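Quick note: to get the numbering used here, add 51 to the position in the sequence shown (first position is 1).
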Amino acid sequence: MAQVSLQPSARPRPSVAKKTAYAANQIAVNMLWQAFNAVAVYDYVAYHGVSAVRLSTGLIVYGVLNALFNLVAGHVSDRTKTRFGRRIPYVAVASIPYAVCFALLFSPPRLTQAGLVVYFLAMTFLFDLAFTFAALNANALYPEMYADPRDRAYVSALQQVFGIVGLIAGVALSKSLGQSLGWSRMAWIFAAVAIASMYVSLWGSFETGDPVEPFRWREALWETFRNRAFIWYVVASFLVQFTTTLFTTASSFYTSYVVRLSPLQNSLFLGGIFVVAMPVAFVWARAAIRYGASRSAMVAIALYACIEALLLVDRSPASVLATGLLLGVPVAGFMVLLNMLLAEVIDLDARRTGRRREGMYLGVNGCIVRLGLSLQYAVMAIFFAISGYRAGASVEPPSAVEGFRLLLGLVPALFLAGAFLCMRVYDRMRSLSSGGVERS
52 MAQVSLQPSA RPRPSVAKKT AYAANQIAVN MLWQAFNAVA VYDYVAYHGV SAVRLSTGLI
112 VYGVLNALFN LVAGHVSDRT KTRFGRRIPY VAVASIPYAV CFALLFSPPR LTQAGLVVYF
172 LAMTFLFDLA FTFAALNANA LYPEMYADPR DRAYVSALQQ VFGIVGLIAG VALSKSLGQS
232 LGWSRMAWIF AAVAIASMYV SLWGSFETGD PVEPFRWREA LWETFRNRAF IWYVVASFLV
292 QFTTTLFTTA SSFYTSYVVR LSPLQNSLFL GGIFVVAMPV AFVWARAAIR YGASRSAMVA
352 IALYACIEAL LLVDRSPASV LATGLLLGVP VAGFMVLLNM LLAEVIDLDA RRTGRRREGM
412 YLGVNGCIVR LGLSLQYAVM AIFFAISGYR AGASVEPPSA VEGFRLLLGL VPALFLAGAF
472 LCMRVYDRMR SLSSGGVERS
């Protein structure tokens, strides 16, 4: 079987400028995706009066179907052969519809309530499809471009710095800018910034080439799920990202009805998480080099569960703002370490199969994470149905208020406990296979 070298190639190491340019794609990836998670449902429910239950139900069905596109996109990417490479053409082509569909999502025409639900789901589908091809291929370049562990840790930290800029805009500024400038204007501004950052990233991107014949569809899936290290990693990643996405979506309701924050305070609450995370990202990168990415991830998971539990007892804007600052520490860990862990899993697979298959692994990972979004919307739908939440009401009943406390303070701990156990198994498996190829 042909072997794939996992050591740095003879190609000159990219300059700091090239590394920085490549990492800039995370502005676009995080800003639009996180803004969608943070305020899209909130906008349609609170401002357009769409039924929260109907919207959440539609998103559950949509999420399951759309998750499959990640598998297709990853496999197609691995099998693509052009003179421009496997990944770069998709990034160049998909970036524009990714941004434009986001803007159109927040610029709905005058429709009935049923029409708005259909429009929301249709635009979300197109936005998410373009996102899949743009983001998956941009991220698939990372393990191939940077095989050296120190380069990999440094670039991952750089990605998170840019990603945090995108997160601050997407999570912390989208609501306040949408309320002050209008949702449509906010969305078109975000779209323009996203396109610019994706094309800056292309300047810093390259592909090393993979002459090995790629797997066919069935073989690709079989070999992916034979990698037991990937199974444990992806379950842990699924549970972590479910909790962080649930926090992003539900926090707008928490700061509107549980502990009321002004638009400025809301921006400080969510923005503070990522302001803290930006410098801490390099601390987690150093910890990953010294102690291992998986062990560092276990620390981040435990820390996140403990800090988010404070939302059960927060009663004032000041305490909520303080909790947000503390959350920045483990959030930075997730952002740096999950990226490095997936690259590590891909390396193990390349040793075993003789092929580098970043696309399929990112596709399967994305598919499972998207199923997590469906689980999130299922949890939200159940909550809306049983808590007595009233869409558009300025004051919610006590059952809804306390429900939001549990949704953000207690529910995540249950899922994070599972993530910790999975990561512990992965760490033991990685340690056993460090002297050779991981066996299935």
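We put the CB at the ideal spot given by N, CA and C, even for glycine.
From a predicted model like this one, the values you see are computed outputs, not experimental measurements.
Checklist entry - Could you give the C-beta distance for residue 456 and residue 309, rounded to a whole number, given that I count them as a contact under 8 Å? => result Rounded, the Cβ-Cβ distance is 6 Å, consistent with contact.
Next on the checklist: For residue 197, report the span of its alpha helix (DSSP H) as first-last.
Outcome noted: Note, residue 197: premise wrong, no alpha helix (DSSP H); not H, not E.
Checklist entry - Does the Cβ of residue 199 have 16 or more other Cβ atoms within 10 Å, making it buried, or fewer, making it exposed? => result By the Cβ neighbour-count rule, residue 199 is exposed, with fewer than 16 other Cβ atoms within 10 Å of its own.
Checklist entry - So, are the CB atoms of residue 158 and residue 75 less than 8 Å apart? => result no
Item to check | Own chain partners of residue 188 with C-beta closer than 7 Å, once the 5 adjacent residues on each side are dropped | outcome: If we look at residue 188 and ignore the five residues flanking it on each side, its Cβ neighbours are 128, 138, 141, 142.
Checklist entry - If you draw a straight line from the alpha carbon of residue 357 to that of residue 70, how long is it in whole angstroms? => result 35 Å
Checklist entry - residue 469 to residue 168, Cα distance in whole Å? => result 34 Å
Next on the checklist: My parser needs the alpha helix (DSSP H) runs of 4 or more residues fully inside the segment 130-180; what are they?
Outcome noted: 139-156
Checklist entry - What are the boundary residues of the alpha helix (DSSP H) that includes residue 285? => result 279-304
Next on the checklist: Less than 8 Å between C-beta atoms, sequence neighbours within five positions excluded: which residues of the same chain meet that for residue 185?
Outcome noted: 79, 80, 141, 142, 145, 146, 149, 249
Item to check | Contacts around residue 463, its chain only, beta-carbon distance under 6 Å, and the 5 residues preceding and following it disregarded | outcome: 294, 359
Next on the checklist: How far does the alpha helix (DSSP H) with residue 333 in it extend, from its first residue to its last?
Outcome noted: 314-342
Checklist entry - For residue 111 versus residue 428, is the C-beta spacing smaller than 8 Å? => result Judged by beta-carbon spacing, residue 428 lies within the 8 Å limit of residue 111, meaning their Cβ atoms are closer than that value.
Checklist entry - Hey, how far is the Cα of residue 96 from the Cα of residue 298? => result Each residue's alpha carbon lies about 18 Å from the other.
Next on the checklist: Quick check: the Cα distance between residue 152 and residue 210, rounded to an integer number of angstroms?
Outcome noted: 24 Å
Next on the checklist: Spatial neighbours of residue 252 within its chain, please: C-beta separation below 7 Å, excluding the five flanking residues on both sides.
Outcome noted: 72, 73, 75, 76, 189
Item to check | Neighbourhood of residue 397 by C-beta, 8 Å cutoff - its chain only, sequence neighbours within 5 removed | outcome: The residues are 194, 407, 408, 409, 412.
Checklist entry - In the structure shown, what three-state DSSP assignment does residue 310 receive? => result coil
Checklist entry - Does the beta-carbon distance from residue 257 to residue 196 come in below 8 Å? => result yes
Next on the checklist: Please classify residue 381 as buried or exposed, where buried requires at least 16 other C-beta atoms within 10 Å of its C-beta.
Outcome noted: buried
Checklist entry - Mind checking residue 273: buried by the 16 CB within 10 Å criterion, or exposed? => result exposed
Next on the checklist: Please identify the residue among 355, 390, 173 whose C-alpha is closest to the C-alpha of residue 106.
Outcome noted: 173
Next on the checklist: Which of the three DSSP states is assigned to residue 64 in this structure?
Outcome noted: DSSP places residue 64 in coil when its eight states are reduced to three.
Next on the checklist: One question on the structure: do residue 333 and residue 208 come within less than 8 Å of each other, judged by their Cβ atoms?
Outcome noted: Yes, Cβ-Cβ distance for residue 333 and residue 208 is below 8 Å.
Next on the checklist: Using a 10 Å radius around the Cβ and a threshold of 16 neighbouring Cβ atoms, would you call residue 283 buried or exposed?
Outcome noted: Residue 283 comes out buried.
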